[in-house]
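Peer 1:
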Amino acid sequence: DGKKASFIYASSYPIKELLTSEGRMLEIYTYHKVRETGFFDDIKSSLEIMWSGETAKNELDLVATKGFCSLFIECKATWKLEHNFYSKLNNIAAHFGVNTKMVLIGDTLEVPGSVTASDNEACRNYGKDFGIITISDRKEIENIGEVLVKVMKGEYK
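Sequential numbering from 1 applies to the sequence shown in the numbering used here.
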């Protein structure tokens, strides 16, 4: 409909980073929704992981714990899911996780029947092979805190 918006970033790097980094807004939204549930013992956002003896490092968007179990959560706001999202999450969980469930939140806004929808379904199936749960349904994302409680309890479909 031809409407446009423009932004001027004052001198606030955090605001610029929030508005321009893919998935950052989804990560913050998820963090607050998970915290609102009051179910989890601890929740960490943007957790940086250093691999032993290497200069390589990775970042997990969210880690939520309950007792001796944890959720490793990646948040992706992108049209197209990618296999490497799942491989990265699986590698981190295999190396650092104990009693860990893995979740990829993919806010794809995909159109049913499109090529992207077909590709995304293939990626979700790839993730299932690793035991990764993909949450991409708009209603589930809107209620992500309660959905992740169900995942942790083993009650998620």
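For each residue, glycine too, the CB sits at the ideal point set by N, CA and C.
1) At which residue ranges does the segment 53-111 contain complete alpha helix (DSSP H) runs of 4 or more residues, listed in the order of the chain?
2) How about the segment 25-40 and the segment 84-92: do they share at least three Cβ pairs that are nearer than 8 Å?
3) Alpha carbon to alpha carbon, what distance is there between alanine 64 and lysine 44?
4) For chain C, find out if any of its Cβ atoms is closer than 8 Å to the Cβ of threonine 37; answer yes or no.
5) With a threshold of 16 other CB atoms inside 10 Å of the CB of aspartate 137, please say whether the residue is buried or exposed.
6) What first and last residue would you give for the beta strand (DSSP E) that runs through lysine 44?
7) In whole angstroms, what separates the C-alpha of tyrosine 31 from that of leucine 62?
8) Evaluate contact between the segment 108-121 and the segment 142-153, counting only Cβ atoms and requiring at least three cross-stretch pairs below 8 Å.
9) Output the distance between the C-alpha atoms of glycine 131 and glycine 2, rounded to the nearest integer angstrom.
10) Do glycine 145 and cysteine 75 have their C-beta atoms closer together than 8 Å?
11) With a CB to CB cut of under 7 Å and the five nearest residues on each side skipped, what residues in its chain are close to lysine 33?
12) What do you reckon, are the CB atoms on valine 98 and leucine 71 nearer than 8 Å?
13) Applying the criterion that 16 or more other CB atoms from any shown protein chain within 10 Å of the CB defines a buried residue, is isoleucine 135 buried or exposed?
14) Would you kindly report the start and end of the unbroken alpha helix (DSSP H) that includes aspartate 179?
15) Would you mind giving the Cβ-Cβ distance between asparagine 125 and leucine 81, rounded to the nearest angstrom? I have them listed as a contact below 8 Å.
16) Count the other CB atoms within 10 Å of the CB of threonine 108; is the residue buried (16 or more) or exposed (fewer)?
Peer 2: In short, the structure shows the following:
1) 83-96
2) no
3) Locating residue 44 in the sequence shown gives position 44, counting from the first residue. Locating residue 64 in the sequence shown gives position 64, counting from the first residue. The alpha-carbon atoms of lysine 44 and alanine 64 are separated by roughly 6 Å.
4) Chain labels in this structure do not include chain C; a single protein chain is all it has.
5) For the purposes of this step, residue 137 is identified with residue 137 of the sequence shown, where counting begins at 1. Classification for aspartate 137: exposed.
6) Here residue 44 is taken as the residue at index 44 of the sequence shown, counted from 1. Unbroken beta strand (DSSP E) run through lysine 44: 42-50.
7) One-based indexing of the sequence shown puts residue 31 at position 31. One-based indexing of the sequence shown puts residue 62 at position 62. Looking at the two C-alpha atoms, the distance is approximately 7 Å.
8) no
9) On the sequence shown, residue 131 is found 131 positions in, with the first residue counted as 1. On the sequence shown, residue 2 is found 2 positions in, with the first residue counted as 1. Distance between the alpha carbons of glycine 131 and glycine 2: 43 Å.
10) In the sequence shown, residue 145 corresponds to position 145, counting from 1. In the sequence shown, residue 75 corresponds to position 75, counting from 1. No, these two residues do not count as a Cβ contact at 8 Å.
11) Within the sequence shown, residue 33 is the residue found at index 33, counting from 1. Once the five neighbours on either side are set aside, the close Cβ partners of lysine 33 are Ile144, Gly145.
12) For the purposes of this step, residue 98 is taken as residue 98 along the sequence shown, with counting starting at 1. For the purposes of this step, residue 71 is taken as residue 71 along the sequence shown, with counting starting at 1. Cβ distance not < 8 Å, so valine 98 and leucine 71 don't count as in contact.
13) The residue labelled residue 135 in the question sits at position 135 within the sequence shown. Looking at its Cβ environment, which holds 16 or more other Cβ atoms inside 10 Å, isoleucine 135 is buried.
14) Limits of the chain in this structure are 1 at one end and 157 at the other, which puts residue 179 out of reach.
15) Here the question's residue 125 lines up with position 125 in the sequence shown. Here the question's residue 81 lines up with position 81 in the sequence shown. That pair is no contact at about 11 Å.
16) Locating residue 108 in the sequence shown gives position 108, where the first residue counts as 1. Classification of threonine 108: buried, given that the 10 Å Cβ count is 16 or more.
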